[in-house]
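This is how it looks when you write it as structure tokens:
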């Protein structure tokens, strides 16, 4: 079905530079088009309180049937930010926005699957390359990793914090690679895992012979990493479908319900994980 320009869904986003946001936008656009709706993208740049407030104000100049808010940073929770009441809204992030339906990947489930997989292989503990501190997704993944290690009565190493890029994974990976105690690492996304793999290779530490690595996302290239990356697969297509269906349900009913829906993830085991080297 070709989208009807007269029927549109606004998407407010802070960045498309991250894999999660770009894949989510693509999935939302495909799901919207299947229902005959066009997408009107409203980029924020830096998601400051003023920028978000101005964007909502700008909505009054655009005729949209509903709004998808794709901003995962904590800035969205500032008290001064008031979501528009005049149109249906669905929030896509890892935090519950009071009074609004929220749909997101089950970030915690993914971190649990990754950590339990490494522990089941025999590793005594799991190190973590976390995402940015202003990211809800990164926080939920880190918390679940920490809770899982605690549940199994394992030492919880101090996490190192990256910025989602392969470059940050490489920089942090060089530090981890020189610690002989490190035998298993859960990286909060595949791009940082890619940088980590390079650092381990350059340091002469074999993967998975000496160090096992798990990522998160299952980006298209993950199976082509060397070794092929064990990772948590997000179902972006299902996420986009649920976001659009939730929004259109709100459009059709004229009512808003503060629901929370987590989209399940799965662990894809490839060649980057194995038992510890002892």
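Residue numbers (my numbering): 239 to 516.
Glycine is no exception: its CB is placed at the ideal position from the N, C-alpha and C atoms.
Remember, predicted model here, so these are calculated numbers, not experimental data.
Discussion item. Which same chain residues end up closer than 7 Å to residue 438 when comparing Cβ atoms and leaving out the 5 residues on each side of it in sequence?
Written reply: 411, 415, 445, 449
Discussion item. Which residue wins for smallest C-alpha separation from residue 294, given the options 477, 361, 418, 327?
Written reply: 327
Worksheet item: Roughly how many angstroms lie between the CA atoms of residue 279 and residue 270, to the nearest whole one?
Response: Cα to Cα, the separation comes out at about 13 Å.
Worksheet entry | Three CB pairs or more closer than 8 Å across the region 479-490 and the region 450-470 | no
Worksheet item: In angstroms, rounded to a whole number, what distance separates the CA positions of residue 305 and residue 291?
Response: 14 Å
Worksheet item: So, residue 355 versus residue 511, is the Cβ gap smaller than 8 Å?
Response: yes
Item to complete: Tell me whether residue 443 sits in a helix, a strand or coil according to DSSP, three-state version.
Response: coil
Item to complete: Tell me whether residue 337 counts as near the ligand FMN, meaning its Cβ is closer than 7 Å to at least one heavy atom of that ligand.
Response: Because no ligand of any kind appears in the structure shown, any question about the ligand FMN cannot be addressed here.
Practice prompt. State buried or exposed for residue 464, treating a residue as buried only when at least 16 other CB atoms are found within 10 Å of its CB.
Written response: exposed
Item to complete: In the DSSP assignment, find the beta strand (DSSP E) that holds residue 262 and state where it starts and stops.
Response: No beta strand (DSSP E) contains residue 262, which is instead part of the alpha helix (DSSP H) from 257-272.
Discussion item. Please report the straight-line C-alpha distance between residue 296 and residue 408, rounded to a whole angstrom.
Written reply: Cα-Cα distance, rounded: 40 Å.
Item to complete: Under 7 Å Cβ to Cβ from residue 420, same chain only, skipping five residues before and after it: list those, please.
Response: 365, 414, 449
Worksheet item: Under a three-way DSSP split, which group does residue 467 fall into?
Response: coil
Discussion item. So residue 352 and residue 505 are supposed to be a Cβ contact under 8 Å. How far apart are they, rounded?
Written reply: 7 Å
Discussion item. Residues in the same chain with beta-carbon distance under 6 Å from residue 349, minus the five sequence neighbours each way, listed in chain order, please.
Written reply: 379, 382, 383
Item to complete: Starting from residue 383, follow the beta strand (DSSP E) in both directions and report where the run begins and ends.
Response: Note, residue 383: premise wrong, no beta strand (DSSP E); alpha helix (DSSP H) at 374-389.
Worksheet item: Rounded to whole angstroms, how far is the Cβ of residue 363 from the Cβ of residue 389, which I believe are closer than 8 Å?
Response: No, residue 363 and residue 389 are not in contact; Cβ-Cβ is about 12 Å, not under 8 Å.
Worksheet item: Can the beta-carbon of residue 246 be found closer than 8 Å to that of residue 282?
Response: In this structure, residue 282 does not lie closer than 8 Å to residue 246 by Cβ.
Worksheet item: Quick one: what does DSSP say residue 280 is sitting in, helix, strand or coil?
Response: strand
Worksheet item: How would you call residue 400, buried or exposed, if buried means at least 16 neighbouring beta carbons within 10 angstroms?
Response: buried
Discussion item. Using the three-state DSSP reduction, which class does residue 506 fall into: helix, strand or coil?
Written reply: strand
Fill in: Contact set for residue 427: own chain, Cβ-Cβ below 6 Å, skip 5 residues either direction
402, 454, 455
Discussion item. Is the beta carbon of residue 302 closer than 8 Å to that of residue 248?
Written reply: yes
Worksheet entry | Simplified DSSP assignment, three categories, for residue 346 | helix
Discussion item. Can you list, in chain order, the residues of its chain with a C-beta nearer than 6 Å to that of residue 337? Leave out the 5 residues immediately preceding and following it.
Written reply: 496
Worksheet item: Given a threshold of 16 other Cβ atoms within 10 Å of its Cβ, counted over all protein chains shown, does residue 433 qualify as buried or as exposed?
Response: So residue 433 ends up on the buried side.
Discussion item. Could you compute how far the alpha carbon of residue 515 sits from the alpha carbon of residue 429?
Written reply: 25 Å
Worksheet item: Can you pull the DSSP bridge partners for residue 455?
Response: Paired residue(s): 471.
Discussion item. What does the alpha-carbon distance come out to for the pair residue 268 and residue 442?
Written reply: 44 Å
Item to complete: Below 8 Å on the Cβ atoms is my guess for residue 425 versus residue 452; work out the distance and round it to an integer in Å.
Response: 7 Å
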